[in-house]
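To keep things clear, I will list the structure first and then write my remarks on it.
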Amino acid sequence: FWNRRQMHRNLGFGRSFFQEDFQPGAVIGMGLSDTVFFDQMEARLRSLPEPFMAYLITLSNHTPYDLPPSELRLNVGSLEGTLVGRYLQSVHYFDTAFGRFVDRLRASGTLDRSLVVVYGDHRAFWEDTPELPPLVDVEPEDHFRMWALERRVPLFIRLPRAAGASTIADAAG
956 FWNRRQMHRN
966 LGFGRSFFQE
976 DFQPGAVIGM
986 GLSDTVFFDQ
996 MEARLRSLPE
1006 PFMAYLITLS
1016 NHTPYDLPPS
1026 ELRLNVGSLE
1036 GTLVGRYLQS
1046 VHYFDTAFGR
1056 FVDRLRASGT
1066 LDRSLVVVYG
1076 DHRAFWEDTP
1086 ELPPLVDVEP
1096 EDHFRMWALE
1106 RRVPLFIRLP
1116 RAAGASTIAD
1126 AAG
């Protein structure tokens, strides 16, 4: 996918894991479910000599955001079956899987020695989603605000022991 085997070597990655390096498990979306992926990666991370850098890519929270019925946990009401409703379910699934992963890193002591960065690697492609503007208090005719909303990409940085923690609302790239 995107020639990552070559790209990782060129970027100096010491080791990359691809599909064949993982135990089989539930598949959601484009690959191994986030829950199974994080479970397998947490065990691998614990075995690495420190310091190390790990770059993890999850696949469950990706369009078309189709989760199996057993993973649908939110009551999204009138958004049921829409792209926005499926997105909310998918993000909730990721949040739950990632939260469990973080809890396990905390329990092992790894979290207190780690910088954790979570980001979206591209915009969400919200075009043709009439359900979205009312949820975020944007008029659909406000083309600039819709354009800006559609291109927002999340970035969260957790520093060890919350050192220097703050919220920075500045736009960046």
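In my numbering, the protein residues as written are 956 to 1128.
All C-beta atoms in this analysis are idealised placements derived from N, C-alpha and C, irrespective of residue type, glycine included.
Determine which residues share a DSSP beta bridge with residue i and list them.
i	result
Phe1111	Val1073
Val982	Leu987
Just tell me which of the options has its CA closest to the CA of residue i.
i	options	result
Ala1124	Ala1117, Arg1116, Phe1111, Ala1118	Phe1111
Leu1011	Pro1023, Val1093, Val1091, Asp994	Asp994
Gln974	Val991, Met962, Leu966, Phe968	Val991
Arg1028	Phe1007, Asp1050, His1017	Asp1050
Leu966	Met1008, Ser988, Leu1090, Leu987	Met1008
In the DSSP assignment, find the unbroken alpha helix (DSSP H) run with residue i in it and report its ends.
i	result
Ser1033	Taken as a continuous stretch (DSSP letters only), Ser1033 belongs to no alpha helix (DSSP H), as it is neither H nor E.
Gly1064	No alpha helix (DSSP H) contains Gly1064, which DSSP labels as neither H nor E.
Thr990	989-1002
Pro1023	Run containing Pro1023: none; DSSP gives neither H nor E here.
Leu1087	1087-1090
Ala1120	First-last for Ala1120: undefined, no H or E at that position.
Phe1099	1098-1105
Arg959	959-965
Indicate whether residue i and residue j have their beta-carbon atoms separated by less than 7 Å.
i	j	result
Trp1081	Glu1096	no
Thr1084	Val1039	yes
Pro1115	Gly1075	no
Glu1086	Leu1003	no
Tyr1042	Tyr1020	yes
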